[in-house]
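Accompanying notes for the structure given below.
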Amino acid sequence: MELSNIPKHADTLVIGAGTAGSIIAGRLASKENQHVVLLEAGPDFGSLDNKKWPVDLLNGTVIGETHDWGYKSSSKNGEPNHNLERAKVIGGCSSHNGCIAIWGSYVDYDTWESYGNQGWSAKEVLPYFNKANKTLGVRDFKKSEVTPFHSACVTAIEKTGIPRTNNLNDLYEDNGVDISPVNNLNGQRFNAAFGYLDPVRENGYLSIVGDALVDKINLRGNKACSVDAIINKKRINITAERIIVSGGAYESPCILMRSGIGCSSNLSHLGIKPQINLNGVGENLHDHPSINIKFQGTDLLSNLMREFRQNGNVVYSEQTIAKAQSKNCKEGFDLHVYPVTGITENSNGKWDCAIYAANMAPISRGHLALNSANPIERPIIDQGYLNDSEDKDIGILMEGLELSREISHQKDISELIGKELIETSSIVSIDDIRKLALHYYHPVGTCKMGPESDSNAVVDNMGKVHGVDNLYVIDASIMPDVPRGNTNIPVAMVAERLVSTLT
Ligand SMILES: Cc1cc2nc3c(=O)[nH]c(=O)nc-3n(C[C@H](O)[C@H](O)[C@H](O)COP(=O)(O)OP(=O)(O)OC[C@H]3O[C@@H](n4cnc5c(N)ncnc54)[C@H](O)[C@@H]3O)c2cc1C
1 MELSNIPKHA DTLVIGAGTA GSIIAGRLAS KENQHVVLLE AGPDFGSLDN KKWPVDLLNG
61 TVIGETHDWG YKSSSKNGEP NHNLERAKVI GGCSSHNGCI AIWGSYVDYD TWESYGNQGW
121 SAKEVLPYFN KANKTLGVRD FKKSEVTPFH SACVTAIEKT GIPRTNNLND LYEDNGVDIS
181 PVNNLNGQRF NAAFGYLDPV RENGYLSIVG DALVDKINLR GNKACSVDAI INKKRINITA
241 ERIIVSGGAY ESPCILMRSG IGCSSNLSHL GIKPQINLNG VGENLHDHPS INIKFQGTDL
301 LSNLMREFRQ NGNVVYSEQT IAKAQSKNCK EGFDLHVYPV TGITENSNGK WDCAIYAANM
361 APISRGHLAL NSANPIERPI IDQGYLNDSE DKDIGILMEG LELSREISHQ KDISELIGKE
421 LIETSSIVSI DDIRKLALHY YHPVGTCKMG PESDSNAVVD NMGKVHGVDN LYVIDASIMP
481 DVPRGNTNIP VAMVAERLVS TLT
């Protein structure tokens, strides 16, 4: 958009066009009673129909690799050190993610409510999950679309005692394995921008500004009144009646902190004038820690997969998900096991594979802090993996590792995957796991939802920032605890639920 065409004022201004931001902006613009401005730091490739989208962002069979913010973890002990992928593009992470559409457990949402977040119990959020699933085109794979690898995985997992389910998204079922629902069709990823922005792009109520990096929100007293963004190297100010921050778990707290909303003493040290003292901004960061075991893959696997592809089938790397309970799990479940296959860089054209296990109910917490007031600089991100003092999180991951190995020994898949590679067969102790733990791409919690009585809460149960008028945060950052599921559809549920309360 030309600088001169950028609106100077919005009824609602939404920061970030990711999963949540696309839903908020799309739903509000469809009401046709207000002008919505949506600012996105990455490019806007327009609607799906105009065919300008990069191939990797449309290919939903693997994770997209371009348009990344380039975050890295920086834990205090230096380990494990990860790339922390986040998409910088319209649609946000829904434009490059794995398209696995999973909801979690009733325990997740009942627990959010038990913290004092009225309206968030499992029963109350169900209609919003259904709404999100429908608009994002979530579907079940047809039997014929399931690869030979994943059919074998489901059978092998069943043989370890995990029952077959026909609905992984039954919030009240604590054990089960199946092929996961997905939001892609014929291999094409259907992101939140396609589902929510495309229908209203031309209706006159929505202005989408791509390549617009929001620096900060300006307050007058305790009222949010405008936003400063950097567009084409120029600083632009846009005023708004209502401002909604949807920058995701890493950026939303940064935007608040640059605006003077956060722990006042920390902000003063960076030369940022404190406006609203909220100690929880950037705290409570967590994700699902995971661990994998790797296999070279046999000729039989490569032959079967080649034949499957030659028969005209789309090949998906990830399809199977099992939910399971570790021995001390009292409610819901606390493990996901998810095998993946593909032709990777070092596999010489052969299909190799890995089995991942993730701790779905971690209690460890990390935090995120600004490095400086400059919006171009990356924040310090410490995911705090496996740092709980009693090593409960790592114990669950160890059980996940053992379960993955038990699955790999079942004949149904052992003949396809072969022996475990030395690279991972050497993972035997808690210390090995601590060094090699991975993430599951699901950071949340840095602008936690909770009542004012909770000193770490940043927003209330309606997403409104405590102590500030006209300012909301709506995205993964407000989740008090990560749900026991992949987070895209839960974030969409959060956005659907909160936008339904906004006039
Ligand atoms: C590689 C990968 C694979 C994943 N796979 C799955 C999966 O298979 N299933 C699943 O359920 N979940 C998956 N997830 C997680 C899921 O996609 C995310 O949890 C979800 O998309 C987060 O939504 P959000 O709205 O909170 O943030 P995001 O989607 O990250 O959106 C934030 C948006 O705000 C923009 N933004 C940030 N800061 C600024 C700023 N200062 N100014 C302007 N714009 C800004 C960003 O560019 C981005 O577009 C995956 C995530 C990744 C990274």
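At position 34 of the sequence shown (counting the first as 1) the number is 34 in our numbering, and the numbers step up by one without a gap. Yeah, the Cβ is synthetic: ideal placement off N, Cα and C, and Gly gets one too. Values in this document were obtained by computation on a predicted structure and should not be read as measured data.
Closest to residue i by CA distance: which of the options is it?
i: G262; options: D334, E173, S226 and A373; result: A373
i: A41; options: I255, F141 and G119; result: I255
i: D475; options: E251, I422 and K223; result: E251
i: N488; options: V499, P443 and K464; result: P443
i: I236; options: S226, I244, N59 and H288; result: S226
i: L168; options: I343, N359 and F333; result: F333
i: Y128; options: T501, L502, T503 and R497; result: R497
i: G297; options: G98, I417 and Y440; result: I417
i: M1; options: G210, V494 and Q118; result: G210
i: Q275; options: K323, N222 and K142; result: N222
i: T12; options: G18, N5, P339 and E32; result: E32
i: F295; options: V499, A369 and W351; result: W351
i: G21; options: K88, L301 and W53; result: K88
i: N191; options: A101, S268 and N166; result: A101
i: H9; options: N387, G16, G18 and Q34; result: Q34
i: Y172; options: W103, L270, N203 and L136; result: W103
i: A62; options: D393, V182, I90 and A495; result: The question names Ala, yet the displayed sequence has Val at residue 62. Comparing Cα positions, the closest option is V182.
According to DSSP, simplified to helix, strand and coil, what is residue i?
i: F194; result: helix
i: A457; result: coil
i: F129; result: helix
i: Y172; result: coil
i: V55; result: helix
i: S290; result: strand
i: Y519; result: This structure leaves residue 519 out entirely; the chain is present only between 1 and 503.
i: G366; result: strand
i: M479; result: coil
i: N359; result: strand
i: S114; result: helix
i: N387; result: coil
i: H409; result: coil
i: I100; result: strand
Return yes when at least one heavy atom of ligand 1 lies under 7 Å from the C-beta of residue i, else no.
i: N97; result: yes
i: N488; result: yes
i: Y441; result: yes
i: E16; result: For the sequence presented, residue 16 should be read as Gly rather than Glu. Because some heavy atom of ligand 1 lies under 7 Å away, the Cβ of G16 counts as near it: yes.
i: G137; result: no
i: T19; result: yes
i: G92; result: yes
i: K448; result: no
i: D198; result: no
i: I102; result: yes
i: K273; result: no
i: G248; result: yes
i: A212; result: yes
i: K234; result: no
i: E40; result: yes
i: P375; result: yes
i: R484; result: no
i: R242; result: no
i: I588; result: Outside the displayed range of the chain (1 to 503) lies residue 588, so it cannot be described from this structure.
i: E415; result: no
i: I24; result: no
i: A87; result: yes
i: A476; result: yes
Could you tell me how far apart the beta carbons of residue i and residue j are, in whole angstroms, since I believe they sit closer than 8 Å?
i: V138; j: V154; result: Not really, about 19 Å apart at Cβ, beyond 8 Å.
i: D472; j: V482; result: According to the sequence shown, residue 472 is Tyr rather than Asp. With 8 Å as the limit, Y472 and V482 do not qualify as a contact, their Cβ atoms being about 21 Å apart.
i: S264; j: K216; result: The Cβ separation is near 16 Å, so there is no contact.
i: R189; j: C99; result: 5 Å
i: D391; j: I430; result: 7 Å
i: A17; j: I208; result: 7 Å
Ligand 2 heavy atoms versus the CB of residue i: any closer than 7 Å?
i: E251; result: For the structure depicted, ligand 2 is absent and the ligand set comprises only ligand 1.
Within 8 Å (strictly less), CB to CB, does residue i reach chain D?
i: E415; result: Of the protein chains in the structure, only one exists, and it is not chain D.
Inside the segment 298 to 341 only - beta strand (DSSP E) runs reaching at least 3 residues: You should have 320 to 324.
Any alpha helix (DSSP H) of 4 or more consecutive residues that is wholly inside the segment 244 to 290: List check, alpha helix (DSSP H) in window: 248 to 258 and 264 to 269.
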